[in-house]
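Input: a single structure, listed below in structure tokens.
Residue numbers (the numbering used here): 44 to 562.
Here you go:
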């Protein structure tokens, strides 16, 4: 059973100094009475013992205040001392007429302040009983009323001090709890401020990125690393109004492969895109208008990416904990979404500007815009004269790993070298273009599928055997995956032929890379 009230953590003034002063004053009174008081000579030994022990008690309490040992034990020692010696001292200083009965009030007050209620109640009962025993022989009808008043005040003092002590203890507990909450909120505010500053710095960097692919990767990095969302996605809206995952991360595993989303007007994503307002949902367990990326997701936040009043896409974050997202998450993700929308718009504008030129500056091959233009022309010619037409798509294997290991400068060297190898494997009439990133495409006019596969195999073989001089990074070797599609076997429109070649390319990658595949 708990003996002491918890006074270790308090905002209220400690009574230790006051208590010590009252004990010193009491010691002086006892010493004065021992030297000059009117008592029997045979009791002088008793007063000497009381004076010495009381002085020792004061020294013990002073040592406890100095940190020599637990102050609670010093309080307990004084209470026990009072219960033992006060009745004797009262008897030998006049019994009922002794003024030292007032020390019982001090004992009861101390017990009510430092001991739990029932232990303080026991001290009060023992003190009252001791005082009754000390003055009982002198009780008369005349002094019974005064005696009752003294006993009553002892109990009233105990009850009053116990109530006040308990009230003060509960009040300071609530106050300390409030301070703890305030400190926690202050800490959270400081953390949010630091996180916001980090986000603003990241979004400043984001604004300087001019490649849409790199913008996407940077946005995913901010959501995953800075905001620490394990389940998040960047959803874009195509020109025809379709929705697709441009990148997504589930349990920290990030994928940048595009994936179409079937979104109806009644779905949550479509509603948020139409309203262009962020939404935070604490529990998505029973919702039927949203299909979570993570099967265990319980809460959700979606923020639209819009610039100049036009919606470009949405940033989505999920959590497996209900009510995980707070107001500050919505605030920070909104900052990222606005910056991402502007960055994507700037990147798109830069891309369109670059497409004004037909030659890719890095590799010397034609650019994507020129490829589209020439592919449409060759396709029309093939249809008009009933001629075969093929395209080859070439993609470097493990290019991201190469970039991460050696840096973008070495990556550029690899792209240039690959462009040279491909140029050496094709005919003058063939049209070689950089499709995007590390992906290249070759238009093969009047070329059937069998011959296109042969050319693709030649490219793959030449690349595999080619050694790239990467300067300080040494000699490097790479491999490529190749996808082939042909007209009319794989479709009649340009979109179909490109899509089939792309599928064949990913089949090559999925089958182990460094392969040529035809769907």
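Every residue, glycine too, gets a C-beta built ideally from N, C-alpha and C. Only a predicted model underlies this, so the values are computations on that prediction, with no experimental measurement involved.
Here residue 206 is exposed: its Cβ has fewer than 16 other Cβ atoms, across all protein chains shown, within 10 Å.
Counting only runs of 4 or more residues that sit fully inside the stretch 274-320, the alpha helix (DSSP H) segments are 311-318, in chain order. For the pair residue 411 and residue 476, the CB atoms are nearer than the 8 Å cut-off.
DSSP places residue 355 in the uninterrupted beta strand (DSSP E) bounded by 353-362. Under DSSP, residue 475 shares a beta bridge with 485. When secondary structure is reduced to three states using DSSP, residue 112 falls in the coil class, being assigned neither helix nor strand. Between residue 487 and residue 528, the gap from beta carbon to beta carbon reaches 8 Å or more.
Rounded to the nearest whole angstrom, the CA to CA distance from residue 302 to residue 287 is 5 Å.
Non-local beta-carbon contacts of residue 332 in its own chain, meaning distances under 7 Å to residues more than five positions away in sequence, involve 309, 310 and 311 in chain order. Within the model, the alpha-carbon separation for residue 236 versus residue 377 is close to 15 Å. Nearest C-alpha to residue 61 among 103, 72 and 153: 153. For residue 346, the uninterrupted beta strand (DSSP E) run begins and ends at 342-350, by DSSP. Taking all protein chains shown into account, residue 540 has 16 or more neighbouring C-beta atoms within 10 Å of its C-beta and is therefore buried. By a beta-carbon distance limit of 8 Å, residue 252 contacts residue 386. Their separation comes to about 6 Å.
Taking C-beta separations shorter than 8 Å and ignoring five residues to either side along the sequence, the partners of residue 435 in its chain run 484, 485, 487, 495, 498, 499, 502, 525, 526, 527 and 544, following chain order. Counting only the Cα atoms, residue 275 lies some 10 Å from residue 343. For residue 405 against residue 466, the beta-carbon gap comes to about 14 Å, at or over 8 Å, which does not count as contact. Taking all protein chains in view, the Cβ of residue 179 is surrounded by fewer than 16 other Cβ atoms within 10 Å, so the residue is classified as exposed.
Spanning the alpha carbons of residue 297 and residue 214 requires a straight line of approximately 51 Å.
If you draw a straight line from the Cα of residue 425 to the Cα of residue 392, it is about 33 Å long. A Cβ-Cβ separation of about 10 Å leaves residue 418 out of contact with residue 538 under the 8 Å criterion. Rounded to the nearest angstrom, the gap between the Cα atoms of residue 548 and residue 556 is 9 Å. In its chain, beyond the 5 residues on either side, 274, 276, 291, 293, 359 and 361 have a beta carbon closer than 8 Å to the beta carbon of residue 336. Residue 559 and residue 551 do touch by the CB rule: their CB atoms are close to 7 Å apart, below 8 Å. Here residue 135 is not near residue 193, since their CB atoms are 8 Å or more apart. DSSP places residue 534 outside both helix and strand once states are collapsed to three, so it counts as coil.
Contact annotation, residue 280 with residue 374: C-beta distance approximately 24 Å; criterion of less than 8 Å not satisfied. Taking the C-beta atoms as reference points, residue 379 is found no nearer than 8 Å to residue 248.
Of the candidates 327, 401, 351 and 414, the residue whose Cα lies closest to the Cα of residue 384 is 351.
For residue 88, the number of other beta carbons within 10 angstroms of its own is below 16, and it is reported as exposed. Contact between residue 183 and residue 170 is ruled out by a C-beta separation of about 22 Å, above the 8 Å threshold. Straight-line measurement puts the Cα of residue 177 at about 15 Å from the Cα of residue 189. Considering only 173, 506, 535 and 480, the residue with the shortest C-alpha distance to residue 423 is 535. Non-local beta-carbon contacts of residue 518 in its own chain, meaning distances under 8 Å to residues more than five positions away in sequence, involve 510, 511 and 512 in chain order. Excluding five sequence positions before and after residue 155, the CB atoms of its chain that fall closer than 8 Å to its own CB belong to 163, 167, 200, 201, 204, 205 and 208, given in chain order. Of 395, 462 and 270, the smallest CA-CA separation from residue 407 is found for 462.
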